[in-house]
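A.B. asks: Residue numbers (the working numbering), protein chains in the order written: chain A, 5 to 415; chain B, 1265 to 1758.
The beta-carbon is built from N, C-alpha and C at its ideal position, and this holds for glycine as well.
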């Protein structure tokens, strides 16, 4: 076989990496290279350097170190039984690509993942070597996200955490039974143990030693995980239940949901029907409600018919429509907790309402200027110059928000 | 009439100084005609600043907003800022009124500039103009921003690319960074930048990271508007990628094989794990416990926590279930309740390391609440499932005395978890006829808020630990005599 060029390897190994949704480069320590002795900076918020036509942002160089893999996970393009072309980067090639892309302002940093070759430890130690070379030889101060291999030795995870901004391990599927079925070699309990170890290593760095010195930072941008939606039969309630447990148990920064998407040369075990991308969107909305809007899981799932979120309207609107008795709210009096429940009001809008109403009463026009989506919100609030009248309780309120039904084609 | 023309480099500083002078001299907004460097001379204006006035104070939040909004491309920006500043002088609270029309307009301008700055940070594309092996490398980019954003954004590129020379050329103001020094120049025409080898690799990456099965062109265009495309090398390939995507996705779907029947393997595995008693070799027991899937608790907890201690201990201490810290670390009795136990045990001279310490239920049961996990009491069915493991541990260690702490341990060991407060301190009969001393769970002490009650509960637990210590020391011959009558097994737990 002819030797592959760098360009061919990049094509294979970026194609293999695209099923990982995470591309975040935010939330790490602030650093820069104004001293002229290194390359790169990190300023808290991430930057998306390009967008692909699939609507996903490209912030990091997201590649696999290799797509050879000894595992046979049926949803994965890189499983051992798949016929995709294989390639492997050397340590130097990954380092060079990262630095050259970064200097041209294409990326914020590197997101390195890998298929498992030889053994988990061997794979992880190659990934750590890449990160070490970037940090210590190239003085790279940009963002590094390393995917950790669950069974790798704790010392390797430890070093990975000191070099990288973020670590992640994918739980892959919403239930243990689904993992066993589709990823027979992966052990859900081992994945959870690995996440527990990362959380404990991170917690340990918060304690000062007796001399008052802080230990080196461990994965300052935290850990995240990813779940594939729609490959097994789990309902949204199951998915969200799993993610609330993950958030509370391992202090995850993010749980990514990715709608199962057809892959080239897919396995016979997988369903042929692809889930609507809208389902992924609704899950993210519900995830946000749980984390930033003080919603409890059962509040979101109790208004669904079969444990699945309504695809036509967002979960907050669905909750509000089912609880019309508490509306309309007076924006000049309602508490912060209740204002956060109004469809069309975000956290920013609510904060603006609270600061402004200290000085004067709010009118309908004020809310528009504050960024509220009044088309949604107006049925649920009263303000100076506005009462919804019968709108709040009108029978066709849902129909105003849901898209009109489509005529089925005859052919 | 005052006529002011502000320079295109250093605009923010110039506006700030001019506005301060006007405000100090109480010059009304209608008396000033603001213009930038390109403004035509005005027939009726008399140029120049008014005589210096007193100091002026302005809310800090306004200064921060003006510093950004002043870079907007709207020719009215200077006048709008000054007019609002004029209103602000009598009503400084106006800054917090998000419903005010003038402020909303300025905030909008500020937001536009910030977005333009952000897009500049994202979409500037450098090409190498020096030698790739030079000691200090050299790059250049051509960029066309919507607002005057080069000057306020240049420092971002300094912070990021200080170890190389770079220049960002635009039709408006250009930023040049050479040998660690930043400077600005006015207007440039589009230069002919040399071909760059890195660009081909970048385009390869861009085409392959794209997933044709999930085409969302609108989402892409709202974040990466077409106006930026002409200076981004990868954007030339977008139309072809979009055009080919449906066919590629269809090909993948058509190539997919059919669905096989559902598997029965899990069911068989589950049957195998439900044998009547565990009978593996002693050293395999912890491993077997860790792999337990006998009840649904294992799906949510991190790991099962087996007991710890010498395999021939005289005393076995049984708690309720692992807590948050035990669940994370995989070791029993290390959380707050475990530490409380250690303290009291140390007081009465009970050596914890000589005892076998374990829990009635091996998995942590909890409900998530925000970033915390709230402990939940295990149900009778979960206790029953887990008694399989506790029985295996007892059969292996063969302790002279079992100390049952709390209702769950009592339920598991005696079949009855009720009325612990009145049963504590007494000996009952446990599995294999072994003596079980009932006592309180240390976490019960942690939950009592009344100091007097806590002290008395602590004294009771201490007394029981002392009793346990005494009984295991006295070779255990007399144990049978103190055994109280145990309630019939199988009684409801609570």
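(1) Which two residues bound the contiguous beta strand (DSSP E) that contains residue 301 (chain A)?
(2) Since residue 367 (chain A) contacts residue 387 (chain A) with CB under 8 Å, what's their CB separation in whole angstroms?
(3) What do you reckon, are the CB atoms on residue 1628 (chain B) and residue 1586 (chain B) nearer than 7 Å?
(4) Measure the beta-carbon distance from residue 1581 (chain B) to residue 1618 (chain B) and round it to whole angstroms, keeping in mind my assumption that it falls under 8 Å.
(5) Quick check: what's the CA-CA separation for residue 1348 (chain B) versus residue 358 (chain A)?
(6) Which class does residue 1603 (chain B) belong to by DSSP, given the choice of helix, strand or coil?
(7) Please name the residue in A:17, A:156, A:280 whose C-alpha comes closest to that of residue 90 (chain A).
(8) Would you be able to state if there are at least three C-beta pairs under 8 Å between the stretch 237-256 of chain A and the stretch 193-201 of chain A?
(9) Check whether the stretch 1348-1367 of chain B and the stretch 1394-1413 of chain B touch, using three or more Cβ-Cβ pairs below 8 Å as the test.
(10) Is the CB of residue 1812 (chain B) under 7 Å away from at least one CB in chain A?
(11) Who are the Cβ neighbours of residue 1562 (chain B) in its own chain at under 8 Å, not counting the five residues just before and after it?
(12) Name the two residues that bound the continuous beta strand (DSSP E) containing residue 1702 (chain B).
(13) For residue 1759 (chain B), return the contacting residues in chain A, with the cut-off set at a CB-CB distance below 9 Å.
(14) Out of A:296, A:396, A:139, which one is the CA nearest neighbour of residue 355 (chain A)?
(15) Run through chain B and tell me which residues come within less than 7 Å of residue 19 (chain A), C-beta to C-beta.
(16) Shorter than 7 Å from the beta carbon of residue 22 (chain A) to some beta carbon of chain B?
(17) Does any C-beta atom of chain A lie closer than 7 Å to the C-beta of residue 1532 (chain B)?
(18) Cα-Cα, which of A:92, A:87, A:51, A:80 is closest to residue 493 (chain A)?
(19) Where residue 225 (chain A) and residue 31 (chain A) are concerned, what is the direct C-alpha to C-alpha distance, given to the nearest angstrom?
(20) Quickly, what does DSSP pair residue 282 (chain A) with across the bridge? List them, please.
(21) With residue 259 (chain A) as the anchor, note down where its beta strand (DSSP E) starts and where it stops.
(22) Any idea if residue 212 (chain A) is buried or exposed, counting beta-carbon neighbours within 10 angstroms, 16 or more meaning buried?
(23) Check the Cβ of residue 58 (chain A) against every Cβ in chain B and list those closer than 7 Å, keeping chain order.
(24) Please state if the CB of residue 1712 (chain B) and the CB of residue 1701 (chain B) are separated by a distance shorter than 7 Å.
(25) Mind the definition here: the stretch 143-151 of chain A touches the stretch 1493-1513 of chain B only if three or more C-beta pairs lie below 8 Å; say whether that holds.
(26) Give me the Cα-Cα distance between residue 298 (chain A) and residue 290 (chain A), rounded to the nearest whole angstrom.
(27) Hey, residue 113 (chain A) and residue 64 (chain A): beta-carbon distance below 7 Å or not?
(28) So which of B:1332, B:1390, B:1584, B:1426 has the shortest CA-CA distance to residue 1375 (chain B)?
(29) Does the Cβ of residue 1381 (chain B) have 16 or more other Cβ atoms within 10 Å, making it buried, or fewer, making it exposed?
(30) Consider the Cβ of residue 1468 (chain B): report whether some Cβ of chain A lies at a distance smaller than 7 Å.
(31) Output yes if chain A places a C-beta closer than 7 Å to the C-beta of residue 1431 (chain B); else output no.
(32) Residue 1675 (chain B): buried (16+ other C-beta within 10 angstroms of its C-beta) or exposed?
(33) Any beta carbon of chain B sitting closer than 7 Å to that of residue 443 (chain A)?
(34) Counting only runs of 3+ residues fully inside the stretch 1547-1629 of chain B, write out the beta strand (DSSP E) ranges in chain order.
(35) Can you round the beta-carbon distance between residue 1287 (chain B) and residue 1327 (chain B) to whole angstroms, since I take them to be within the 8 Å contact cut?
(36) Name, please, each residue of chain B whose Cβ falls closer than 8 Å to the Cβ of residue 197 (chain A).
C.D. replies: On the basis of the supplied data:
(1) Segment 301-306 is the alpha helix (DSSP H) holding residue 301 (chain A); no beta strand (DSSP E) there.
(2) 6 Å
(3) yes
(4) So it is not a contact: roughly 11 Å between Cβ atoms.
(5) 23 Å
(6) helix
(7) A:17
(8) yes
(9) no
(10) Examination of residue 1812 (chain B) is not possible in this model, given that chain B is present from 1265 through 1758 alone.
(11) 1556, 1568, 1627
(12) 1699-1703
(13) Because chain B here runs from 1265 to 1758, residue 1759 (chain B) falls outside it and cannot be looked at.
(14) A:296
(15) 1472
(16) yes
(17) Because the pLDDT of residue 1532 (chain B) is 37, which lies under 50, any placement of that residue in the model is unreliable, and the number read from its coordinates should be weighed accordingly. Answer no: the Cβ-Cβ gap between residue 1532 (chain B) and chain A never drops below 7 Å.
(18) With chain A covering only 5 through 415, there is no way to say anything about residue 493 (chain A).
(19) 5 Å
(20) Residue 282 (chain A) pairs with nothing; no bridge assigned.
(21) 258-263
(22) exposed
(23) 1474, 1475, 1478, 1479, 1480
(24) no
(25) no
(26) 11 Å
(27) yes
(28) B:1332
(29) buried
(30) yes
(31) no
(32) buried
(33) Absent from the model: residue 443 (chain A). The displayed extent of chain A is 5 to 415, so no value can be given.
(34) 1579-1583, 1620-1623
(35) Not really, about 12 Å apart at Cβ, beyond 8 Å.
(36) 1566, 1567, 1594
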